[in-house]
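**Q** These protein sequence lines are chains A and B, in that order. Mapping the first sequence onto our numbering, position 12 (from 1) lands on 12, and the numbers just tick up by one. Mapping the second sequence onto our numbering, position 181 (from 1) lands on 1181, and the numbers just tick up by one. A virtual CB, placed ideally from N, CA and C, is assigned to each residue, including glycine. This one's a predicted model, so the numbers in the text were calculated from it and none came from an experiment. Below is a structure I'd like to ask you about.
Number of protein chains: 2
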Amino acid sequence: MTIDTSKVSIKTSLASCFGRNFQELEGANSFLEELSKHAQEIHINENCYIFKEKDPSDFIYIPISGVIMLERSTSKGSRHVFAFLFTGNLLGLSEFSFYTFSARALSNGTVVKINKQLIQSIFERYPAIAKRFHEFTNHVLNYILDQLFIMGQKSAHQRLAHFLLDMSNRIGHGTSKFYLPMSRQDIADYLGMSLETASRGFSSLKKKGMISIQNNYRITILDEEALHHFADD
Amino acid sequence: MTIDTSKVSIKTSLASCFGRNFQELEGANSFLEELSKHAQEIHINENCYIFKEKDPSDFIYIPISGVIMLERSTSKGSRHVFAFLFTGNLLGLSEFSFYTFSARALSNGTVVKINKQLIQSIFERYPAIAKRFHEFTNHVLNYILDQLFIMGQKSAHQRLAHFLLDMSNRIGHGTSKFYLPMSRQDIADYLGMSLETASRGFSSLKKKGMISIQNNYRITILDEEALHHFADD
DNA sequence: CGAGCCCTTGATGCATTTCAACGAATGTGG
DNA sequence: CCACATTCGTTGAAATGCATCAAGGGCTCG
């Protein structure tokens, strides 16, 4: 049930959450040690929930592999997708006692599950770690602000262009060819549009020669500059 | 140039930022003392900027009186409004070295201007204060997530209904009659719609008997329950 | 080969934007 | 105190973007 913090996959995940020189921070080693004692490495199957909206938010999760989707369902059966999380992200930041959205695995994967009280006690002993963590929160905040900006200002097809550029950075680390781990419906629910509009967006960008579509999930960005230009209006 | 932390207005503003029993926190008094020595109370005139996008983000501001609007302008001359801030809010949370939006006063008012380094040094000495501050950040994050949800899922008139309910809570503290400090254009830019759509939204809600409009800026919520119901679909 | 799933495409209708005109409130100078 | 200009909000009509409804196409897996 415990984890092995010497594993490369876990180390890199932690490093990309907490920053490059994480190991040099005061308390970093104690933190890792406590994690290896008390944290759990959990495997999650495709389409299974890590937690659901209104569950008590007692844990924080760090994705090691796989893709996670944060979603909330509306009174009317429809669904909003808040985010797609990859290695190097972090979920369960909430200071509330309940989660305000659900977290679902889009693919088989593993996460490190950390008790919040453990995190809290580390923070109290090692302010440097706490500071890093809160810098992370701040980056999330800025990311969401950008998303809010895009949702408020851009047309459906522009939002899709933004999305593809973002995915290219986050999945392919900037490579033009990458594999989308989510369905058209997921993308539509993330960008606040219908499935059909999302699909038309793909077709339109393809016709404009900005992207090519090998198959439904495999995309290549052909003209990144044009895509950027289109996205930013 | 320094501030008087014994002033009731300043105390209540700090209390509503940092929570009810702020004074009981370890380090609260030192914090207040340092503020009275090093922070500044600044008067801002209507329509003047407190800071602009891309300015170095060296300060944090706490509104004491007046209303502040956070905005960002697009490449195409249009504008996005991120938030309206009142007493008890806080601006300049960013951990980046530059602000990612501008802050403009919608009315004459005063803010307390605090050097970030001062805040940082307080945080290092008094973790309890830091913790409170980061809880605050977390509330902001959740607020923005809700906003994102609304932007992605709701129709224009529903977004307006949400907005009015939010303003009723924040301005009138729940009273049904309140004064909107922003123009229709500001509201439209906040909710991602055209000025005309915002205006039609007001008319429509009025015709449905949910609100009444004394004059452009003075609004009464007549049927809060119906408004809630309409907003939530 | 056929079933089922997801994606695409077309046609239609509704929501929202855009363009344009009008109305209400405010301020200014005669 | 009254024309007049100015600013801001409302309303109408036309155009557009997007959702919805409906059908067809291409995978994948049995």
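Per the DSSP calculation, Gln117 of chain A is bridged to which residue(s)?
**A** Walking along the first sequence from the start, residue 117 of chain A turns up at place 117. Gln117 of chain A pairs with nothing; no bridge assigned.
**Q** Going by the C-beta, is Leu165 of chain A closer than 6 Å to any heavy atom of the ligand PLP?
**A** You won't find the ligand PLP in this model; it holds no ligand whatsoever.
**Q** Where does Ser65 of chain A fall in DSSP's three states?
**A** In the first sequence, counting from the first residue as 1, residue 65 of chain A sits at position 65. Note: Ser65 of chain A maps to strand in three-state DSSP.
**Q** By how many angstroms is the C-alpha of Ile1213 of chain B removed from the C-alpha of Tyr1179 of chain B?
**A** Within the second sequence, residue 1179 of chain B is the residue found at index 179, counting from 1. Within the second sequence, residue 1213 of chain B is the residue found at index 213, counting from 1. Whole-angstrom Cα-Cα distance: 10 Å.
**Q** Considering Cα atoms alone, identify which of A:Arg218, A:Asn215, A:Tyr99 and A:Phe202 is closest to His157 of chain A.
**A** Here residue 157 of chain A refers to the residue found at position 157 when the first sequence is read from its first residue. Looking at the Cα atoms, A:Phe202 is the closest of the given residues.
**Q** Identify each residue in the segment 77-95 of chain A for which the Cβ-Cβ distance to at least one residue of chain B is less than 8 Å, and report them in chain order.
**A** Listed in sequence order: Ser78, His80, Phe82, Leu93, Ser94 and Glu95.
**Q** I want to verify the contact list: residues of chain A whose CB lies under 9 Å from the CB of Asn1142 of chain B, in sequence order.
**A** By 1-based counting over the second sequence, the position of residue 1142 of chain B is 142. Per Cβ cutoff of 9 Å: Ser94, Glu95, Phe96 and Thr100.
**Q** Which stretch, first to last residue, makes up the beta strand (DSSP E) that contains Arg995 of chain B?
**A** Residue 995 of chain B lies beyond the residue range present for chain B, which begins at 1001 and ends at 1233; the question has no answer from this structure.
**Q** How big is the Cα-Cα spacing for Gln992 of chain B and Val1140 of chain B?
**A** The first residue shown for chain B is 1001 and the last is 1233, placing residue 992 of chain B beyond what the model contains.
**Q** Distance check for Asn1138 of chain B and Arg1104 of chain B, CA to CA, integer angstroms please.
**A** Your numbering for residue 1104 of chain B matches position 104 in the second sequence. Your numbering for residue 1138 of chain B matches position 138 in the second sequence. Arg1104 of chain B and Asn1138 of chain B: Cα-Cα distance of roughly 23 Å.
**Q** For Tyr49 of chain A, I'd like the list of residues in its chain whose CB is within less than 7 Å of its CB, leaving aside the five on either flank, ordered along the chain.
**A** The residue you call residue 49 of chain A lines up with position 49 of the first sequence. Closer than 7 Å at Cβ, skipping near neighbours: Ser102, Ala103 and Arg104.
**Q** Taking 7 Å as the limit between beta carbons, can you name the residues of its chain near Arg170 of chain A, skipping five residues before and five after?
**A** Reading the first sequence from its first residue, position 170 is the one you call residue 170 of chain A. Excluding positions up to five away in sequence, the list reads Phe86.
**Q** For the alpha helix (DSSP H) holding Phe18 of chain A, just list the boundary residues, first then last.
**A** Walking along the first sequence from the start, residue 18 of chain A turns up at place 18. Where Phe18 of chain A is concerned, the enclosing alpha helix (DSSP H) stretches over Val8 to Phe18.
**Q** Is it true that the segment 57-64 of chain A meets the segment 13-33 of chain A, where meeting means three or more beta-carbon pairs spaced less than 8 Å apart?
**A** Yes, the segment 57-64 of chain A is in contact with the segment 13-33 of chain A.
**Q** Smallest Cα separation from Lys131 of chain A: which of A:Ile3, A:Leu25 and A:His228?
**A** In the first sequence, the residue the question calls residue 131 of chain A occupies position 131. When only C-alpha atoms are compared, the closest one is A:Leu25.
**Q** Using a 10 Å radius around the Cβ and a threshold of 16 neighbouring Cβ atoms, would you call Ser121 of chain A buried or exposed?
**A** Position 121 of the first sequence, counted from the start, is the residue given in the question as residue 121 of chain A. Exposed, since its Cβ has fewer than 16 Cβ neighbours within 10 Å.
**Q** Strictly below 8 Å CB to CB, what residues from chain B border Gln153 of chain A?
**A** Working through the first sequence from its first residue, we reach residue 153 of chain A at position 153. Under the 8 Å cutoff, chain B gives Thr1074, Ser1078, His1080 and Gly1192.
**Q** Measure the alpha-carbon distance for Lys185 of chain A versus Gln153 of chain A and round it to whole angstroms.
**A** Counted from its first residue, the first sequence places residue 185 of chain A at position 185. Counted from its first residue, the first sequence places residue 153 of chain A at position 153. This sequence places Gln at residue 185 of chain A; Lys is not what is there. When rounded, the distance between both Cα atoms is 22 Å.
**Q** With distance defined between alpha-carbon atoms, name the residue in B:Phe1031, B:Gly1192, B:Thr1100 and B:Ile1219 nearest to Leu1165 of chain B.
**A** Working through the second sequence from its first residue, we reach residue 1165 of chain B at position 165. Considering only alpha carbons, the answer is B:Ile1219.
**Q** Could you give the distance in angstroms between the alpha-carbon of Pro56 of chain A and the alpha-carbon of Tyr99 of chain A?
**A** Position 56 of the first sequence, counting from 1, holds the residue named residue 56 of chain A. Position 99 of the first sequence, counting from 1, holds the residue named residue 99 of chain A. Cα to Cα, Pro56 of chain A sits roughly 6 Å from Tyr99 of chain A.
**Q** Taking 8 Å as the limit between beta carbons, can you name the residues of its chain near Phe1163 of chain B, skipping five residues before and five after?
**A** Position 163 of the second sequence, counting from 1, holds the residue named residue 1163 of chain B. Correct list, in chain order: Ile1187, Tyr1190 and Leu1191.
**Q** What does Phe149 of chain A touch in chain B if you count any residue whose Cβ is under 7 Å from its own?
**A** Position 149 of the first sequence, counted from the start, is the residue given in the question as residue 149 of chain A. Residues of chain B passing the Cβ test: Arg1072 and His1080.
**Q** Counting only beta-carbon atoms, is Asn1138 of chain B nearer than 7 Å to chain A?
**A** As a working mapping, residue 1138 of chain B is identified with position 138 in the second sequence. Output row for Asn1138 of chain B: interface = yes.
**Q** Using the Cβ count rule (16 or more neighbours within 10 Å means buried), how would you classify Glu1071 of chain B?
**A** Here residue 1071 of chain B refers to the residue found at position 71 of the second sequence. Buried, because 16 or more other Cβ atoms sit within 10 Å of the Cβ of Glu1071 of chain B.
**Q** Should Ile44 of chain A and Gly109 of chain A be called a contact, given that it needs their Cβ atoms to be closer than 7 Å?
**A** Taking the first residue of the first sequence as 1, we reach residue 44 of chain A at position 44. Taking the first residue of the first sequence as 1, we reach residue 109 of chain A at position 109. Their beta carbons are under 7 Å apart, which means Ile44 of chain A touches Gly109 of chain A by this criterion.
**Q** Can you tell me where the beta strand (DSSP E) with Lys1206 of chain B in it begins and where it stops?
**A** Counted from its first residue, the second sequence places residue 1206 of chain B at position 206. Lys1206 of chain B -> not in any beta strand (DSSP E); alpha helix (DSSP H) instead, spanning Leu1195 to Lys1207.
**Q** Under 8 Å between beta-carbons, which chain B residues line up against Leu145 of chain A? List them in chain order, please.
**A** Reading the first sequence from its first residue, position 145 is the one you call residue 145 of chain A. Under the 8 Å cutoff, chain B gives Phe1082, Thr1100, Phe1101 and Ile1144.
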